[in-house]
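Following this note's numbering, the numbering of the sequence shown begins with 180 at its first residue and continues without gaps. All C-beta atoms, glycine included, are put in the ideal place defined by N, C-alpha and C. Please read these numbers as outputs of a predicted model, since none were measured by experiment. Before any comments, here is the structure.
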Amino acid sequence: MAVTILSEILKRKEIEIIERKRKIPQEKLRDKLNSVSRPRGFKNAIIKAPSPAVIAEIKRRSPSKGEIRKNFDPIQCAEMYARGGAAALSVLTDEFYFGGHLDYLKQIRQCVPIPLLRKDFMIDTYQIDEAIIHGADAILLIVAALSEEILLSLYSYAKSVNLDVLVEVHDVSELDRAIGIGSELIGVNNRNLKTFVTDISVTEKLAAKVPPNCTLISESGIGENAEMLRLSNFGVKGFLVGESLMRQPDLAYALKRLRGDT
180 MAVTILSEIL
190 KRKEIEIIER
200 KRKIPQEKLR
210 DKLNSVSRPR
220 GFKNAIIKAP
230 SPAVIAEIKR
240 RSPSKGEIRK
250 NFDPIQCAEM
260 YARGGAAALS
270 VLTDEFYFGG
280 HLDYLKQIRQ
290 CVPIPLLRKD
300 FMIDTYQIDE
310 AIIHGADAIL
320 LIVAALSEEI
330 LLSLYSYAKS
340 VNLDVLVEVH
350 DVSELDRAIG
360 IGSELIGVNN
370 RNLKTFVTDI
380 SVTEKLAAKV
390 PPNCTLISES
400 GIGENAEMLR
410 LSNFGVKGFL
420 VGESLMRQPD
430 LAYALKRLRG
440 DT
């Protein structure tokens, strides 16, 4: 995603959060936290899953590619992914740019037993409380989108409420920041933020710098089993895959094929 688009998304996200806080103040939101079930353990699901562990993404559209899946049905997608052997699901909840919705998390959690990642542009603890209430087991923090102070604040708060945190990086400096806050789950995004080009060698270059106590995830640009096998040799444990799967009519079969089960 181009930096200009990222900046645009973040500005809109700030406005959205202000509006949502007006409707439901955070104090009232937090009153609901004690009534939700405990997270299912996103990181542990990745670690314990048969290799290759895939975090299958439910993604309707994107700013760069437009509509990705016609007749989009998030519950149907989740059920097919579960049948296909997904270790976990990544659920896009941004509405304006990606066609997602917070309610998808709650709906999907009722239908499948595997952990869910709320994938959105997280900039405020309000969004973390929303994630918990709607059934997320983990959140995504994008280092490129956050200052040092906010990154640490969001990470610390999410961990304090028992959510796993996938910290996304794109280069060495961002990886250093992720390691600096104590991240145990690091995702390397192979997509260049300026050119949109994906190159899985980005993961290969950064993998050696990831501490052994961290669970490494490779994101974007993965469409073949051979690519996952190649990256596994560099210590990658999980693979976040969205677009290449979402364009397929039978997600269960497509995922099984990607994982090498057919």
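{"Query": "Helix or strand or just coil, what does DSSP make of residue 245?", "Result": "strand"}
{"Query": "I need the DSSP call for residue 183, collapsed to helix, strand or coil.", "Result": "helix"}
{"Query": "What residue range is occupied by the uninterrupted beta strand (DSSP E) comprising residue 307?", "Result": "Counting along the chain, residue 307 falls outside any beta strand (DSSP E), though it belongs to the alpha helix (DSSP H) covering 304-312."}
{"Query": "With burial defined as no fewer than 16 other Cβ atoms inside 10 Å of the residue's Cβ, what is the status of residue 256: buried or exposed?", "Result": "buried"}
{"Query": "Using CA atoms only, rank isn't needed, just tell me which of 319, 339, 293, 289 is closest to residue 455.", "Result": "Past the boundaries of the shown model lies residue 455; the chain is included only from 180 to 441, so the question cannot be answered."}
{"Query": "From the DSSP output, in three-state form, read off residue 423 for me.", "Result": "helix"}
{"Query": "Nearest by alpha-carbon distance to residue 188: which of 301, 226, 288, 230 is it?", "Result": "301"}
{"Query": "According to DSSP, is residue 360 helix, strand or coil?", "Result": "coil"}
{"Query": "Among 193, 437, 394, which residue has its Cα nearest to the Cα of residue 408?", "Result": "437"}
{"Query": "Beta carbon of residue 380, beta carbon of residue 401: below 8 Å?", "Result": "no"}
{"Query": "Determine the direct distance from the alpha carbon of residue 324 to that of residue 305, and round the result to whole angstroms.", "Result": "17 Å"}
{"Query": "Identify the residues that DSSP records as bridge partners of residue 347: which are they?", "Result": "321, 366"}
{"Query": "Let me check understanding here. Comparing Cα to Cα, which of 341, 287, 430, 291 lies closest to residue 248?", "Result": "430"}
{"Query": "List the whole-angstrom C-beta distance separating residue 348 from residue 376, where the pair is believed to meet the contact cut-off of C-beta under 8 Å.", "Result": "Residue 348 to residue 376, Cβ: 17 Å. No contact."}
{"Query": "Select from 209, 264, 299 the residue whose C-alpha is nearest the C-alpha of residue 344.", "Result": "299"}
{"Query": "Quick check for students: name the residue ranges of the alpha helix (DSSP H) that lie wholly in the region 227-292, counting only runs of 4 or more.", "Result": "253-263, 282-288"}
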